[in-house]
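Below is one structure, written out as structure tokens; comments come after it.
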Amino acid sequence: MSHVLNALFAPGFFANGPVRAAVVVGAVVALVTGAVGVFTVIRSQAFAGHALGEVGSAGGSLAFLSGTNPLWGYMGIAVVAAGLMEVLGVHRPRARDVATGLVLGAGLGFAALFLYLDTTSSTSTGVTVTILFGSLFTISQPMLPGIVALSAIVLVVIASCYRILLLSSLSPELAAVRGVPVRAVAIAYLVIMAVAVSLAAETIGTILATALLVGPPATALRLTKRPGGAMVVAGLFGVAAVWIGIVLAYDSFYWPPVDHGWPVSFFVVAMVFVFYLGAGVVAAVGRARRNRRVGMFPAMGESGCEPHVDADAA
Amino acid sequence: MTDPRPSTGVDDAILSVDGVSVWLAGREVLHDVRFDVRPGEFTGLIGPNGAGKTTLFRVILGLQPAGSGSVLVGGRPLNRRSPIIGYVPQKVFLDPDMPLRARDVVGLGLDGHRLGIPLRWGGRREAVDRMLAAVDATHIADARVGNLSGGEQQRVLIAHALISRPRLLLLDEPLANLDIRAEAEVVALLARIAREQRIAVLISAHDVNPLLPVMDRLVYVAAGKTASGTTGEVIRAEVLSALYGQHVDVLHVHGRILVVSGAEGASGITVEETGGAPAAADVVAPR
Numbered sequence: 001m002s003h004v005l006n007a008l009f010a011p012g013f014f015a016n017g018p019v020r021a022a023v024v025v026g027a028v029v030a031l032v033t034g035a036v037g038v039f040t041v042i043r044s045q046a047f048a049g050h051a052l053g054e055v056g057s058a059g060g061s062l063a064f065l066s067g068t069n070p071l072w073g074y075m076g077i078a079v080v081a082a083g084l085m086e087v088l089g090v091h092r093p094r095a096r097d098v099a100t101g102l103v104l105g106a107g108l109g110f111a112a113l114f115l116y117l118d119t120t121s122s123t124s125t126g127v128t129v130t131i132l133f134g135s136l137f138t139i140s141q142p143m144l145p146g147i148v149a150l151s152a153i154v155l156v157v158i159a160s161c162y163r164i165l166l167l168s169s170l171s172p173e174l175a176a177v178r179g180v181p182v183r184a185v186a187i188a189y190l191v192i193m194a195v196a197v198s199l200a201a202e203t204i205g206t207i208l209a210t211a212l213l214v215g216p217p218a219t220a221l222r223l224t225k226r227p228g229g230a231m232v233v234a235g236l237f238g239v240a241a242v243w244i245g246i247v248l249a250y251d252s253f254y255w256p257p258v259d260h261g262w263p264v265s266f267f268v269v270a271m272v273f274v275f276y277l278g279a280g281v282v283a284a285v286g287r288a289r290r291n292r293r294v295g296m297f298p299a300m301g302e303s304g305c306e307p308h309v310d311a312d313a314a
Numbered sequence: 315m316t317d318p319r320p321s322t323g324v325d326d327a328i329l330s331v332d333g334v335s336v337w338l339a340g341r342e343v344l345h346d347v348r349f350d351v352r353p354g355e356f357t358g359l360i361g362p363n364g365a366g367k368t369t370l371f372r373v374i375l376g377l378q379p380a381g382s383g384s385v386l387v388g389g390r391p392l393n394r395r396s397p398i399i400g401y402v403p404q405k406v407f408l409d410p411d412m413p414l415r416a417r418d419v420v421g422l423g424l425d426g427h428r429l430g431i432p433l434r435w436g437g438r439r440e441a442v443d444r445m446l447a448a449v450d451a452t453h454i455a456d457a458r459v460g461n462l463s464g465g466e467q468q469r470v471l472i473a474h475a476l477i478s479r480p481r482l483l484l485l486d487e488p489l490a491n492l493d494i495r496a497e498a499e500v501v502a503l504l505a506r507i508a509r510e511q512r513i514a515v516l517i518s519a520h521d522v523n524p525l526l527p528v529m530d531r532l533v534y535v536a537a538g539k540t541a542s543g544t545t546g547e548v549i550r551a552e553v554l555s556a557l558y559g560q561h562v563d564v565l566h567v568h569g570r571i572l573v574v575s576g577a578e579g580a581s582g583i584t585v586e587e588t589g590g591a592p593a594a595a596d597v598v599a600p601r
């Protein structure tokens, strides 16, 4: 038994302080991004989510300059960016990609400046890599309560707006008819997504943050047809990806090049992608089995719906 | 209550549109629209694409302000929070990836505007089941909506609109994109609902023919103007010619109605399905 454990978990894994912090933060953040990300996927806002994560680079590097924790930088900039995207017209279908792209470009411009200043002002060249690609093992322990509290707030907001978000994602018109302030809900969701993706940036970096926001929810949506269930399943897949990533990264210390562990973010994102592909296979097998049982033509279950054509532009 | 008349009386209009005009981007798209809808009545809102049918619905629903005129719902100005109107919009894109079963969509019609997560309060599931049964959708209750056929999706959306027990049901082009059989099924379902539950149904369509067997009255929209009455009163050459501002004929062929425009010059006659703009097409597809 101990041989197996030793093979899976390299010596010292469970006694290591940074590892334990990484395990806790990674799990909490994965649960949050799983819940928030289900709506990102069904509202087709993956690009906006990605932009909110990446502009965090500017905030993170600015925070490094001023000596505060990068998380506050990620979040501050992401919330400002969410507001800017709204002002520039992210709520109009035709303008949303342009508004998102403009804010993303501007944010990355500032990131280029601040990261340059970071590297010239200190001897550390690792800061750029840490901000862009994350470093789960360097999370400072005093940040733990803040991260957990923020995560709890996001989960409470998502739970209390659950039905309203579902209805306005299903059809903004149907929601408006029922008196839902659709645009306010959209802005609130953008801000919640900014916070969630900032938490993800804290764990796997600003560039990779969308992987946690979109990957596990997309995986879950392949496997479950209930929205609430999808959020739980997405959270569990996210936790699994982060934990397996942490174990592999810790083990990789003994892999070539010896004494240099591989980046934990690489393993996390790789697991996210493997899960997504695996869920596709599972879903396809399940469909084939159901169709055989019902005796239907294999394609019926998936493409039984009629094409939606814009018949009336009025 | 200072109003001496009971607003729920049998003969009172559930919807009263009076002299409504709407301007969009400086253009008057609806001019002096007036008609009433009474409980249990099946009314068609007929007109070509772009005539302003969706705009009129948005005015009735309070999503678009009217430039002038008034809309009374149940005898009062619209209160958007009162579920007196059920609505089935034209464009609801139900993606197969959407993690919603038919019963989830219907349930959102009950409490989708509320804060919090749906708790299993007494009767919610039963109410959803009853509604699904009422639209013959029990067998698809647990299927993903995105995987359903167009006709099935339409029935689920009708259940979504009806579960809050409205007294007026608005449907925007619910027959667009349906095959002939699904079209007939949806029309029969709506007629049954109007009759049995005494819900007023106002349904927009660009073709009058599928609605002929069930329609009590119709409102014809063309060029921003409307005419209302029974089919026999409205679908007449004089009335429609006045609406379109050019001469049109009305032909009855094998129980179907065709609106025919006398083309300018000697090039002959162009025919269009009822509701199509005259001279816009020259062939009628057989149905």
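Protein chains in written order, with our numbering: chain A, 1 to 314; chain B, 315 to 601. All residues carry an ideal CB built from backbone N, CA and C; glycine is no exception.
Beta-carbon proximity list for residue i, same chain, < 7 Å, skipping 5 on both sides
i: Val307(B); result: One cannot answer for residue 307(B) here, as it falls past the ends of chain B, which runs 315 to 601.
i: Ala505(B); result: Phe356 and Val528
i: Leu166(A); result: Pro227
i: Leu117(A); result: Leu65
i: Leu557(B); result: Tyr534, Ala536, Ala537, Lys539 and Ala541
i: Ile454(B); result: Ala416, Leu462 and Glu466
i: Met545(B); result: Before going further, note that residue 545(B) is Thr rather than Met in the sequence given. These residues qualify, in order along the chain: Leu526, Met529 and Leu532.
Chain B within 7 Å of residue i, Cβ atoms only
i: Ala10(A); result: no
i: Leu223(A); result: no
i: Tyr189(A); result: no
i: Arg96(A); result: no
i: Val272(A); result: no
i: Ile158(A); result: no
i: Leu167(A); result: yes
i: Ile42(A); result: yes
i: Tyr162(A); result: yes
i: Lys176(A); result: In the sequence on display, residue 176(A) carries Ala and not Lys. By this cut-off, Ala176(A) is an interface position.
i: Gly179(A); result: yes
i: Pro172(A); result: no
Residues bridged to residue i [DSSP beta-bridge criterion]
i: Pro391(B); result: Leu386(B)
i: Lys539(B); result: Ala536(B)
i: Thr357(B); result: Leu516(B) and Arg531(B)
i: Leu484(B); result: Tyr401(B) and Leu516(B)
i: Ser44(A); result: According to DSSP, which records beta bridges pairwise, Ser44(A) is partnered with nothing at all.
i: Arg458(B); result: Arg415(B)
i: Glu342(B); result: Trp337(B)
i: His561(B); result: His561(B) is not bridged to any residue.
Contacting residues, own chain, Cβ-Cβ under 6 Å from residue i (five flanking each side not counted)
i: Leu408(B); result: Val459, Gly460 and Gln467
i: Pro353(B); result: Ile328, Arg512 and Ala514
i: Ile374(B); result: Val385
i: Asp456(B); result: Arg415
Any chain A beta carbon closer than 7 Å to residue i
i: His453(B); result: no
i: Val331(B); result: no
i: Pro403(B); result: yes
i: Asp431(B); result: Note that residue 431(B) corresponds to Ile in the displayed sequence, not to Asp. Yes, Ile431(B) lies at the interface with chain A (some Cβ there is under 7 Å from its Cβ).
i: Arg458(B); result: yes
i: His561(B); result: no
i: Val406(B); result: yes
i: Met529(B); result: no
i: His566(B); result: no
i: Asp346(B); result: no
i: Leu257(B); result: Any answer about residue 257(B) is impossible in this case: the structure gives chain B only from 315 up to 601.
Residue i: CB within 6 Å of a non-hydrogen atom of the ligand SAM
i: Asn363(B); result: Ligands displayed in this structure: none; no statement on the ligand SAM is therefore possible.
C-beta contact flag for residue i and residue j at 7 Å
i: Ala475(B); j: Met445(B); result: no
i: Val420(B); j: Val402(B); result: no
i: Val127(A); j: Ile204(A); result: no
i: Phe9(A); j: Ser61(A); result: no
i: Leu52(A); j: Ala81(A); result: yes
i: Thr210(A); j: Gly56(A); result: no
i: Gly364(B); j: Asp332(B); result: no
i: Ile494(B); j: Leu424(B); result: no
i: Arg174(A); j: Asp411(B); result: Looking at the sequence provided, one finds Leu at residue 174(A) rather than Arg. No, these two residues do not count as a Cβ contact at 7 Å.
i: His345(B); j: Ser330(B); result: no
Nonlocal neighbours in the same chain, by C-beta distance under 8 Å from residue i, ignoring five residues either side
i: Phe13(A); result: Val19, Val247 and Tyr250
i: Trp315(A); result: Beyond the ends of chain A as shown, which are 1 and 314, falls residue 315(A); an answer cannot be given.
Check your understanding: Counting pairs of Cβ atoms below 8 Å between the region 31-38 of chain A and the region 137-156 of chain A, do you hit three or more?
Key -> yes
Practice item. Taking 8 Å as the threshold, find out whether the region 233-247 of chain A comes into contact with the region 168-183 of chain A through three or more Cβ pairs. Key: no
**Study point:** Cβ contact check for the region 85-102 of chain A and the region 126-143 of chain A: 3 or more pairs under 8 Å
**Key:** no
Review point. Is there contact between the region 424-431 of chain B and the region 191-204 of chain A, where contact requires at least three CB pairs shorter than 8 Å?
Key: no
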